[in-house]
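**Q** Got a structure for you, written out below as C-alpha cells; questions coming shortly.
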Amino acid sequence: MGKLYHYQCNSCKNQFEFTKGPMMAGHVVHCQDCGKEQVLAPDDLPIELWGYHSFDFEWEPELSDNEGKLITAKIRPCTCGGCFSLKASPRCLECHSLDITKDDSLEILID
C-alpha cells in the first residue's frame with residue numbers, strides 16, 4: 030500500500046499532495062528536481078529495485094547511487110530534465126522548494 034501525504038510550502042504557501050510507496054497500479058516515482066509525480070507500471074520497475082519499494086528499506090550505497098539511472102532507463106526523464114526516483118524528497122510543485130511542512134492529520138493509505 031502507498032501513502033498520500035499533504036504538505037504546505039513555507040516559501041509560497043502552496044498546498045500539495047505527495048504519494049509514496051507501491052500501489053496496485055504501480056510504483057510512484059517523483060522527479061528529483063521539480064517534484065512531478067508519475068506511476069511506474071509494475072513490470073517497468075527495474076529488477077535491481079525489486080524489494081526496495083516498501084517504506085522501511087535500507088539502500089545499499091551502490092543501489093542508491095544508480096537508482097535514478099535505472100528508472101530513467103525504463104522511462105523518459107521528466108519534462109524539466111530531472112530524473113524520477115522512488116526516494117525523491119517531497120518538494121513544492123509550484124516553486125520547487127524543499128522548505129515544506131507536512132500535515133500529519135492528513136496521512137491516507139492508498140492502494
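The sequence shown begins at 30 in my numbering and counts up one residue at a time.
Beta carbons: idealized from backbone N, C-alpha and C, even for Gly.
Just so we're clear, the structure is a prediction, and the values are computed from it rather than from any experiment.
1) Does DSSP put residue 133 in a helix, in a strand, or in coil?
2) Closest to residue 40 by C-alpha separation, out of 140, 130 and 134, would be which residue?
3) Using the three-state DSSP reduction, which class does residue 108 fall into: helix, strand or coil?
4) Measure the alpha-carbon distance for residue 77 versus residue 98 and round it to whole angstroms.
5) With distances taken Cα to Cα, identify the nearest neighbour of residue 61 among 70, 135 and 108.
6) Please classify residue 100 as buried or exposed, where buried requires at least 16 neighbouring CB atoms within 10 angstroms.
7) Suppose you measure from the CA of residue 95 to the CA of residue 37; what does that come to, to the nearest Å?
8) Give a yes or no on whether the C-beta atoms belonging to residue 50 and residue 32 are separated by under 7 Å.
**A** On the basis of the coordinates in this document:
1) Your numbering for residue 133 matches position 104 in the sequence shown. In this structure, residue 133 counts as strand in the three-state DSSP scheme.
2) As a working mapping, residue 40 is identified with position 11 in the sequence shown. With distances taken between Cα atoms, residue 40 lies closest to 130.
3) In the sequence shown, the residue the question calls residue 108 occupies position 79. Three-state result, residue 108: coil.
4) In the sequence shown, residue 77 corresponds to position 48, counting from 1. In the sequence shown, residue 98 corresponds to position 69, counting from 1. Roughly 11 Å separates the two Cα atoms.
5) Indexing the sequence shown from 1 puts residue 61 at position 32. Nearest of 70, 135 and 108 to residue 61, Cα basis: 108.
6) Counting from one through the sequence shown, the residue named residue 100 turns up at place 71. Buried, by the Cβ-count rule.
7) Taking the sequence shown and counting its residues from 1, the one referred to as residue 95 is at position 66. Taking the sequence shown and counting its residues from 1, the one referred to as residue 37 is at position 8. Going by the C-alpha atoms only, they are around 30 Å apart.
8) Against the sequence shown, residue 50 aligns to sequence position 21. Against the sequence shown, residue 32 aligns to sequence position 3. Contact: yes.
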